[in-house]
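Q: My questions will all concern the structure given below.
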Amino acid sequence: MPLTPPDPPAGTSWRSLMDVAFAQACMAAKEGESPIGAALFAPDGALLAAARNNPVGLNDPTAHAEVLCLRQAAARLGNYRLTGTILAVTLEPCLMCTGALIHARVAGVVMGALDPRAGAVISNLQGHALPFANHRMWFVQGVMEEECSTLLKRFFLEKRRGCTR
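This is the structure:
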């Protein structure tokens, strides 16, 4: 059974958190990476880290926005456990990223678009609620869903057009 999400941190909204992740996604698109962005916030709403997809640029299949964000925050805080934090991400996390969020003890995930192909929070697997996982997360879905989805669709449409020229 999923955990009930709390209210956003004081002085913020789920949208304001997603705005930071969305800006990262836009930067990823300009760099030719899949336009996915993430931002990790402390329980009080302070920004701890922000990242965008970069597996092509880093030649690293694990360089998803969520993982890069977790790495930045862990280095900044000097602790791999990011208890109480909130991740905003423009696309539903995949299985790898969901696992990383669980191991980092992230409290909750604010998601933009769902990922019917690889999403592992809602779409294909309720990874946040696996019975053997040692941590549970809450989630909020659909924050800036249309904007996040449109950015992804436009990016891949342009990629396909580029292949046919």
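Heads up: the sequence shown begins at 1 in full-length UniProt numbering, then just goes up one per residue. The C-beta atom is built at its ideal place from N, Cα and C for all residues, glycine as well. All values reported here derive from a predicted model rather than from experimental measurement.
What are the start and end residues of the alpha helix (DSSP H) that includes I102?
A: Element bounds for I102: 95–104.
Q: Alpha carbons only, please: which of S16, A10, L17, E31 is nearest the one belonging to K159?
A: Of the candidates S16, A10, L17, E31, E31 places its Cα closest to the Cα of K159.
Q: Taking the alpha-carbon positions, what's the A120 to R71 distance?
A: 20 Å
Q: Which word fits D115, buried or exposed, when buried means at least 16 other C-beta atoms lie within 10 angstroms of its C-beta?
A: Here D115 is buried, its C-beta having at least 16 other C-beta atoms within 10 Å.
Q: Within this structure, are the beta carbons of H128 and C97 separated by less than 8 Å?
A: no
Q: Note down the Cα distance separating G11 from T85, rounded to an integer number of angstroms.
A: 16 Å
Q: What residues are listed by DSSP as bridge partners for I86?
A: F41, G108
Q: Are the CB atoms of V110 and A74 within a distance shorter than 8 Å?
A: no
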